[in-house]
Amino acid sequence: MEAIRPVSRTLLRDRAYLAIRDAIVAGEIEPGAVVRDAEFAELLGLSRAPVREAFSRLVDEGLLESKPQSYTRVTPVVAADVRDAAAVVGAMHELATRVAVPRLFAADVETMRSANERFAAAVHAGDVDAALDADDELHDVLVRVSGNRAAAATVARYTPLIRRLERRRFGEGGNCRSAGLHDRLIDACAAGDTDEAVTVTAEIWRGLAALADEPDSPEAPPATGPAITSATGPEVPPATGPDASPATTESAGGLPADAAVDDVEPATGVDH
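What follows is the structure, given as structure tokens:
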């Protein structure tokens, strides 16, 4: 049994964070929906401790908000927050592009072209998940090649705030980012034209910031619950979903008071 190692709390926390964050960004948990650690712990097959830690991180990143002694809920999509996030993320991508272009290999450029082909096909098919995944892959090449871990961390932190609005606009018939702009960016990278690549990158992110200024569609009612993937098995749909009424009692830290118990991870001997 030497191959079996205890599952680290950090890993459990990160898995809970990613699952809940992705459900919020995908719109499976609507803005305004109240979230409770006990329910998400059950959905994910975890104890409450890593879920509480994930909630705290999501509050810091602006996807959740807490009112002490009352509730923790998903934040609304606020135009000013999207503009601010797009400005920061755009600046990081411009920095990464400027550093990365002289370092790119032909294989890197080919990866970008392949990603853009999949992006264009997904946009045409109306497949928002595939489009955004391909878009991420394309731009991640430049961030990775730049080697700037601070830029990568900043992009990872603030992109979800933008993605929520991107997904909504895509669903309303928008095309997210232009495959044509991507073509210009890739051609500049292939030619080693750093200035042009940075210029196109800035144009892409200005376009994303402008999404926040478009008239918004009516807000959908709070979701009845997330379809979220369990950390121990297949997708587990909730029976009732997070209660939309702000009735949960919270601790002084802004998270539910009952979250202070059940700190022991399930003793299953497998990775959760």
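Taking this note's numbering, I'd label the letters of the sequence shown as residues 1 to 272.
Beta carbons: idealized from backbone N, C-alpha and C, even for Gly.
None of the values given here were measured: they were computed from a predicted structure.
Glu110 sits in a helix when the DSSP states are folded into three classes. Collapsing the DSSP output to three states places Thr75 in coil. Looking at Gly27, Ala26, Val25 and Pro50, the one whose alpha-carbon comes closest to that of Arg36 is Pro50. In the structure shown, the three-state DSSP call for Val200 is helix. For Glu65, the enclosing beta strand (DSSP E) begins and ends at Leu64 to Lys67. In the structure shown, Val35 falls within a coil segment according to DSSP collapsed to helix, strand and coil. Annotated as proximal: Arg113 and Ile186, with beta-carbon spacing under 8 angstroms. In the displayed model, Asp22 falls within a helix according to three-state DSSP. Between the stretch 47 to 63 and the stretch 120 to 131 there are fewer than three inter-stretch CB-CB distances shorter than 8 angstroms, so the stretches are not counted as touching. Non-local C-beta neighbours of Tyr158 in its own chain, meaning closer than 6 angstroms and more than five positions away in sequence, comprise Ala85, Val88 and Val89, ordered along the chain. Comparing alpha carbon positions, the residue from Arg103, Val82, Arg184 and Ala19 closest to Glu42 is Ala19.
With 16 or more other Cβ atoms inside 10 Å of its own Cβ, Asp135 counts as buried.
Taking C-beta atoms as the reference points, Val141 and Asp108 count as a pair closer than 8 angstroms.
Nearest to His182 by C-alpha distance, out of Ala153, Glu117 and Asp193, is Glu117. Fewer than three pairs of CB atoms, one per stretch, sit closer than 8 angstroms, so the stretch 58 to 70 makes no contact with the stretch 137 to 155.
The Cβ atoms of Leu211 and Arg169 sit closer than 8 angstroms to each other.
By the neighbour-count criterion, in which 16 or more other beta carbons inside 10 Å mark a residue as buried, Arg15 falls on the buried side. Comparing alpha-carbon positions, the option among Val34, Arg83 and Asp195 lying closest to Glu166 turns out to be Arg83. Excluding its 5 nearest sequence neighbours in each direction, Arg184 has C-beta neighbours in its own chain below 8 angstroms: Glu196 and Val200, listed in chain order.
Pairing Ala190 with Arg98, the inter-Cα distance amounts to about 13 angstroms. In this structure, Ala179 lies near Ala120, with their beta-carbon atoms less than 8 angstroms apart. For Ser146, the uninterrupted alpha helix (DSSP H) run begins and ends at Val128 to Ser146, by DSSP. A straight-line Cα-Cα distance of about 23 angstroms links Glu110 and Val155.
Asp193 carries a coil assignment under DSSP once its states are collapsed to helix, strand and coil.
Apart from the 5 residues on each side of it in sequence, Ile162 sits with its Cβ closer than 7 angstroms to the Cβ of Val82, Ala85, Ala86, Val89 and Leu208 in its chain, given in chain order.
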